[in-house]
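Residue numbers (my numbering): 199 to 373.
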């Protein structure tokens with residue numbers, strides 16, 4: 199036993215981080231107890247890391263519900279933009295893009311085409327995806343995302359009816 203301790207094989211173990219969010223168990227794939235091969239072992243990973251607000255993840259989909267309680271505080275805010283001043287403060291070609299962009303073809307427009315600065319989700323799919331990625335964990339509400347603290351950059355290319363063009367998807371990726 200003394201040789202094991204000297205060799206550095208004495209690991210510290212603890213209980214796993216399991217969030218108190220009521221819908222955590224229904225998010226298939228986070229901690230699937232029916233099959234060890236079909237999950238990401240999220241509680242084991244959360245013992246090590248739950249996310250960082252400096253990491254941004256673009257969700258290129260139907261937009262984001264900005265009022266969703268599991269996403270409050272986890273939506274990216276463009277530090278180079280001043281809200282509602284009608285100016286492209288950061289010089290990226292998008293006017294007032296404080297929190298992402300809607301590429302579906304309506305609104306203010308950009309140097310690249312039409313669109314607006316309101317990627318609000320009218321379908322629900324983008325919000326679902328964003329929640330799986332960065333829904334706040336251990337807040338007693340809804341679901342838990344893989345990286346609780348990451349910031350979501352909402353980029354809408356699919357309209358509220360679920361349809362969208364690959365050209366607009368490419369613009370979202372370029373953003």
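Using N, Cα and C, we set each Cβ at its ideal position, and we do this for glycine too.
For residue i, the first and last residue of its enclosing beta strand (DSSP E)
i	result
residue 358	Premise fails: residue 358 is in no beta strand (DSSP E) and is neither H nor E.
residue 258	254-259
Residue range of the alpha helix (DSSP H) that includes residue i
i	result
residue 331	323-332
residue 240	240-244
For residue i, the residue or residues it bridges with in DSSP
i	result
residue 350	255, 273
residue 262	318
Residues near residue i in its chain [Cβ-Cβ closer than 7 Å; skip 5 each side]
i	result
residue 281	294, 296
residue 350	255, 257, 262, 269, 272, 273, 274, 328, 331, 332
residue 241	214, 215, 216, 229
Chain-order list of residues whose beta-carbon lies under 6 Å from that of residue i (same chain, five-residue window excluded)
i	result
residue 338	218
residue 249	345, 346, 347, 348
Buried or exposed by the 16-neighbour rule on C-beta atoms within 10 Å, applied to residue i
i	result
residue 247	exposed
residue 211	Legend: pLDDT at residue 211 = 48, less than 50; position of this residue unreliable, value from coordinates given subsequently. It counts as exposed.
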